[in-house]
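Residue numbers (the working numbering), protein chains in the order written: chain A, 1 to 381; chain B, 1 to 381. Note that the Cβ used here is the ideal one computed from N, Cα and C, for glycine as well. The structure displayed is predicted, hence computed values, not measured ones.
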DNA sequence: CTGAAAGCGCTAACAA
DNA sequence: TTGTTAGCGCTTTCAG
C-alpha cells in the first residue's frame, strides 16, 4: 500500500512516452502553449494524470526567464504594518500568478543588501522593498539589471522608482497644531528609524518618513510662530529598553506630549507611561502612527494617524505586477493621505494657561466595529 | 554614464573566457565545489568581480535539485500569531541558507491545496504548513514526494510528521477552573476555526487546537462535577461582524465569561463588550489566547494564555532545515507548554453565590517592559 | 588539478 | 498540427 516514497519524479518525457507523442507535443499540451490538437491534448493530460505528473517550475523558469515570484524585503514581518502590507502585496501579486519570497532585514542595511542580492540571484521577476536607509547602491543595481522595483512605505532620494506609501504630512501638521493649541510646547518624537535626511536637493520631497514627519511637526510650530525643539527627537531606537528610557528622558525633559512613529513603539511608550504612573492625557498627551485595532480599546483610546496599510501593500503589488508585464504609460503612484483619528489621548497641558484650548474638531464617533478600511478623508484644504 | 539597462547577464562562460580557463573550472571556483587551484580561483573570482557576475540560482537548483527555499503556508500573515511565527521560521531557516516563500490561505482549504501544489512545483526543499483543516490529502502527497514537511500550530490526525506548536491544555484547564471557582457556569468559546475533531482513534491526542481547548474546558467542568454547555461554542467564525454577533448571542444567552481563541478575535470581543457597555470583569470575564503586548495595556489588563510563538516558529524552521539535511535520529518535537498569565479580566459572577471565590494565585507582578520571552513555566504537576 | 562533454527538465526554433 | 534539434546556465561525470 504505502508507496515507496522518494521515487523519481516524472518528467514531460515520461508523460510523452505514456501518451505516445513527442516530448515537444506533451510539453505544449502541459504548458498550454503552442498548437496542440484536442486529441493529443486529452491523451497527454490523461497520461499526466495517471502518472501524477507535476511540472518542474524551475526548469520552466530557466528557459522562459520568468520565475513567477516576486521578492518582498521588509524590516520586520512581525511589525503589524509590514504584516498587513505584506498581506496586501501577496493578495495583489497572487492575482497575477506570482508568489512572494519574503525577507526580513531587521532594519539593517547589510541584511537588506544580502536579501536583495539573494532574491536577484533567485531571479525573482520583481522586487518590493521597504528600504531601511536612503542608501541606494543595491537598489540601483536592481534597476540596472532591468528588474522592476517598487518601494514600500519609504522613498529613496534620487531613485526614480514607484513608491507605494502614504503622505501623512497634512495629518501630522493637523495633529501637531491641535497639540500646540492645547498648550503643548515640548513634543517628543520617538522612532526606530534614523533621521538621515540626505535628499539630493532641497526641492525634492522628503522621502524618509522620519524626515517628513519631523518636518511636519516643525512646520506646525512655525505656523504658530513657534519653534520645535529638535532635541526632543529620539531616533534610531532599537529594543524596548531604549524606547522606554527615551520616554523617561523626554518626560524628565519636560515633554508634555509624545509621538510614537509606529504601533510597536506606541505600545512601549504607553506601557512606560503606565509604569511611571503617568496618566494619558492628563500628564502626557500621546499620538501614535498606525491605527491598530487595540488603540481604540485602551482607556483612554489613543489618537492616531491612520494609513491604509493593506491598500498600500496591495498597490505596491499591483504596480509591480504591471511593471513585470511591461505595461507602459502607468501613471505615477500617488501617496495615500494619512488620516488623523481623534480619540481621547490629547489633553491640555496641566497648570498651563498658555492658550485656552480651542474648540477642536469632534472626536471619532462612539465606536465602530468595522476597521477603518479604505479611503481616507484627509481634511486638508 | 547611464549604463544601458537590461544588458544580457553574464554567465559562467563569460567569466571563464575572461579568466582564460575552462567553463568547468570557472564554475567550480564560483560554486565552491570540486578542486580548484588557488591561482585559478583567484583569477576566476577577479574576473567575476570585474564582470559583475552573479550566479543563476535557478540553473544551479536545476541540477542540484535543491532550491534553497522553503515554503511557508499560513492562514493569514496579518494575524500576529502567524506574523511572529513566520519571523521565527525565517530566522531559523536563513541560518541554514534557505529563503522563505510565503503563502496565505485565508484559512481556506482550497487555497491551501493550491498553495502547497505551487510550492511543490517550485521545488521548495521543504514545507511548513499551518493546516486549516484536518484534511490531509495534499499534505500526504508532499510526504509521498519525499519532501520534508513540518506542521505549525495545528496537527493533522494520522499524519506522521513533526508538529511545532504548543500544548495549552494544562493552562486552559487551570484558567477554566479559576473561572468556575469564581462562580462562572456559562463560559463561551469563540473561534475562527471549525471544530472538526475527527482523529483516527480516541487514543490519539487531540490535534486540532479547537478540539483540545474545548476538551480542556469540558474537563475543567468535569473536575468540578459540572458539565460545560456545548451550545456555548461558536466556531467557524469569519469576519468581525459575525464575531461581534456571536458575543451578542452569548451574552444574551447568559454567558458570564468569554474565551477568545486568538488575539484577533479577542480584539473584536473586547470591542463588542465595550460597545454594549458591558464591563470587564464586572459583567463579563474574559480570557484570550496569545499574549499580545496590548493585552496588558488595557484597563483592566486581560488575562491570557501565552504561547512562545516566536520559538514555535523558530523550532519549526530548525526542524525543517534538519530534515532537509537528512539528519536522522531527531527526537520528536515536544510541544511548548502554554502559560496562563493572570491579569485582571477575571472576576466573580455578579449576584451569584455559587461558590465563594477561592484565593486564587496572585496576579502577574506589576509590569514588565520586556516581552515575556522564552521559556514557559507551566505550573502543571 | 583541469577540460571536454553530457545532462537537469523544460521551452523555443525550425522543419516537416 | 507535429516532431526534431537546440539550447537556458549550471553541475557532474569522466578522461587526461
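| Where residue 121/A meets chain B, residues with beta-carbon distance less than 8 angstroms | As a first step, residue 121/A is located in the first chain; it is residue number 121 there, counting from the start. Correct list: 54, 55, 56, 57.
| request: Would you list the one or two residues that DSSP bridges to residue 221/B? | output: As a working note, residue 221/B is residue 221 in the second chain. Answer is none; residue 221/B lacks a bridge partner.
| message | Can you confirm whether residue 251/B, when its beta carbon is compared against all beta carbons of chain A, has any partner nearer than 9 angstroms? | response | Position 251 of the second chain holds residue 251/B. No, its Cβ sits nowhere closer than 9 angstroms to a Cβ of chain A.
| query | Quick one: which chain B residues come within Cβ less than 7 angstroms of residue 288/A? | reply | Reading the first chain from its first residue, position 288 is the one you call residue 288/A. Within chain B, no residue comes near residue 288/A; the closest Cβ sits about 11 angstroms away, beyond 7 angstroms.
| field | Helix, strand or coil at residue 259/A according to DSSP, with G and I counted as helix | value | Taking the first residue of the first chain as position 1, residue 259/A is located at position 259. Three-state DSSP puts residue 259/A in a strand.
| task | Could you check the C-alpha separation between residue 278/B and residue 256/B for me, to the nearest Å? | result | The residue labelled residue 278/B in the question sits at position 278 within the second chain. The residue labelled residue 256/B in the question sits at position 256 within the second chain. Distance between the alpha carbons of residue 278/B and residue 256/B is about 11 angstroms.
| task | Can you have a look at residue 330/A and say buried or exposed, based on whether 16 or more other CB atoms are within 10 angstroms of its CB? | result | Translated into the one-based positions of the first chain, residue 330/A becomes position 330. Its Cβ having fewer than 16 others within 10 Å, residue 330/A is exposed.
| For a contact meaning CB atoms closer than 8 angstroms, what does residue 267/B contact in chain A? | Your numbering for residue 267/B matches position 267 in the second chain. Result: 293, 294, 297.
| field | Buried versus exposed call for residue 323/B [16 or more other C-beta atoms within 10 Å across all chains shown] | value | Taking the first residue of the second chain as position 1, residue 323/B is located at position 323. Classification of residue 323/B: buried, given that the 10 Å Cβ count is 16 or more.
| task | Starting from the N-terminal side, write out each stretch of the alpha helix (DSSP H) that is 4 residues or longer and does not extend beyond the segment 65-97 of chain A. | result | 80-95
| Looking at the unbroken beta strand (DSSP E) that takes in residue 162/A, where does it start and where does it end? | Counting from one through the first chain, the residue named residue 162/A turns up at place 162. Here the beta strand (DSSP E) through residue 162/A covers 162-164.
| Proximal residues of chain A, C-beta to C-beta of residue 83/B below 7 angstroms | If you number the second chain from 1, residue 83/B lands on position 83. In chain order: 77, 78, 83.
| task | State the Cα-Cα distance for the pair residue 155/B and residue 169/B, rounded to the nearest angstrom. | result | Along the second chain, one-based indexing puts residue 155/B at 155. Along the second chain, one-based indexing puts residue 169/B at 169. For residue 155/B and residue 169/B, the distance between alpha carbons rounds to 15 angstroms.
| said: Counting only Cβ-Cβ distances shorter than 7 angstroms, please list the residues of the segment 83-101 of chain B near chain A, keeping chain order. | reply: 83, 84, 86, 87, 90, 99, 100, 101
| message | For a cutoff of 9 angstroms on Cβ pairs, would you count residue 271/A as touching chain B? | response | The count along the first chain starts at 1 and reaches residue 271/A at position 271. Chain B, which has a Cβ nearer than 9 angstroms to the Cβ of residue 271/A, makes this yes.
| query | Using the C-alpha atoms, what's the distance from residue 290/B back to residue 160/B? | reply | One-based indexing of the second chain puts residue 160/B at position 160. One-based indexing of the second chain puts residue 290/B at position 290. Taking the straight line joining both Cα atoms gives about 27 angstroms.
| What's the call for residue 310/B, buried or exposed, on a 16-neighbour Cβ count within 10 Å? | In the second chain, residue 310/B corresponds to position 310, counting from 1. Looking at its Cβ environment, which holds 16 or more other Cβ atoms inside 10 Å, residue 310/B is buried.
| said: So that I know if they touch, is there some Cβ in chain B lying closer than 9 angstroms to that of residue 20/A? | reply: In the first chain, counting from the first residue as 1, residue 20/A sits at position 20. Not closer than 9 angstroms to any Cβ of chain B, the Cβ of residue 20/A fails to qualify, so no.
| request: Would you mind working out which of 270/A, 296/A, 294/A, 276/A sits nearest residue 286/A, comparing C-alpha positions? | output: Walking along the first chain from the start, residue 286/A turns up at place 286. Nearest C-alpha to residue 286/A: 270/A.
| task | Following the continuous alpha helix (DSSP H) through residue 119/A, name the residue where it begins and the one where it ends. | result | Numbered from its first residue, the first chain carries residue 119/A at position 119. It spans 109-121 - the alpha helix (DSSP H) in which residue 119/A sits, taken as one unbroken run.
| request: Assign residue 241/A to buried or exposed, taking buried as 16 or more other Cβ atoms, counted over all protein chains shown, within 10 Å of its Cβ. | output: Against the first chain, residue 241/A aligns to sequence position 241. Counting Cβ neighbours within 10 Å, residue 241/A comes out exposed, since fewer than 16 surround it.
| request: Tell me, please, whether the segment 64-78 of chain A touches the segment 96-105 of chain A by the rule of three or more beta-carbon pairs shorter than 8 angstroms. | output: yes
| request: Could you give the DSSP three-state label for residue 104/A: helix, strand or coil? | output: Locating residue 104/A in the first chain gives position 104, where the first residue counts as 1. Here residue 104/A sits in strand by DSSP.
| task | Tell me whether the beta-carbon of residue 303/A lies closer than 9 angstroms to the beta-carbon of residue 340/A. | result | If you number the first chain from 1, residue 303/A lands on position 303. If you number the first chain from 1, residue 340/A lands on position 340. In this structure, residue 340/A lies closer than 9 angstroms to residue 303/A by Cβ.
| said: At the level of alpha carbons, what is the spacing between residue 75/A and residue 165/B? | reply: Residue numbering aside, residue 75/A sits at position 75 when the first chain is read from its first letter. Residue numbering aside, residue 165/B sits at position 165 when the second chain is read from its first letter. Those two C-alpha atoms are separated by around 25 angstroms.
| field | Endpoints, the beta strand (DSSP E) within which residue 43/B is located | value | The sequence position of residue 43/B within the second chain is 43, counting from 1. That residue, residue 43/B, is in no beta strand (DSSP E); its alpha helix (DSSP H) goes 38-51.
| request: Return the chain-ordered list of same chain residues with a C-beta closer than 7 angstroms to the C-beta of residue 427/B, the five sequence neighbours on each side being excluded. | output: One cannot answer for residue 427/B here, as it falls past the ends of chain B, which runs 1 to 381.
| field | Ordered list of beta strand (DSSP E) runs contained in the segment 248-315 of chain A, each at least 3 residues | value | 257-260, 285-289, 303-306
| query | Applying a beta-carbon distance threshold of less than 8 angstroms, which residues of chain A neighbour residue 61/B? | reply | On the second chain, residue 61/B is found 61 positions in, with the first residue counted as 1. 58, listed in chain order.
| field | Counted within 10 angstroms of its Cβ, other Cβ atoms place residue 33/B as buried (16 or more) or exposed | value | As a working mapping, residue 33/B is identified with position 33 in the second chain. It counts as exposed.
| said: Relative to the C-alpha of residue 50/A, which candidate in 317/A, 88/A, 19/A, 138/A has its C-alpha closest? | reply: Residue 50/A sits at position 50 when you count from the first residue of the first chain. Considering only alpha carbons, the answer is 19/A.
| task | Could you check the C-alpha separation between residue 45/B and residue 37/B for me, to the nearest Å? | result | The residue given as residue 45/B occupies position 45 in the second chain. The residue given as residue 37/B occupies position 37 in the second chain. Distance between the alpha carbons of residue 45/B and residue 37/B: 12 angstroms.
| request: Along the alpha helix (DSSP H) that carries residue 149/A, what are the first and last residues, could you check? | output: Against the first chain, residue 149/A aligns to sequence position 149. Segment 149-152 is the beta strand (DSSP E) holding residue 149/A; no alpha helix (DSSP H) there.
| Which term fits residue 112/A, buried or exposed, when burial requires 16 or more other beta carbons within 10 angstroms of its beta carbon? | Taking the first chain and counting its residues from 1, the one referred to as residue 112/A is at position 112. Answer is buried; the Cβ neighbour count reaches 16.
| query | Is residue 317/A buried or exposed, if buried means 16 or more other CB atoms sit within 10 Å of its CB? | reply | Along the first chain, one-based indexing puts residue 317/A at 317. Buried.
| task | Kindly list, in the order they appear in chain A, the residues whose Cβ is closer than 7 angstroms to that of residue 67/B. | result | The residue you call residue 67/B lines up with position 67 of the second chain. What residue 67/B touches in chain A: 58.
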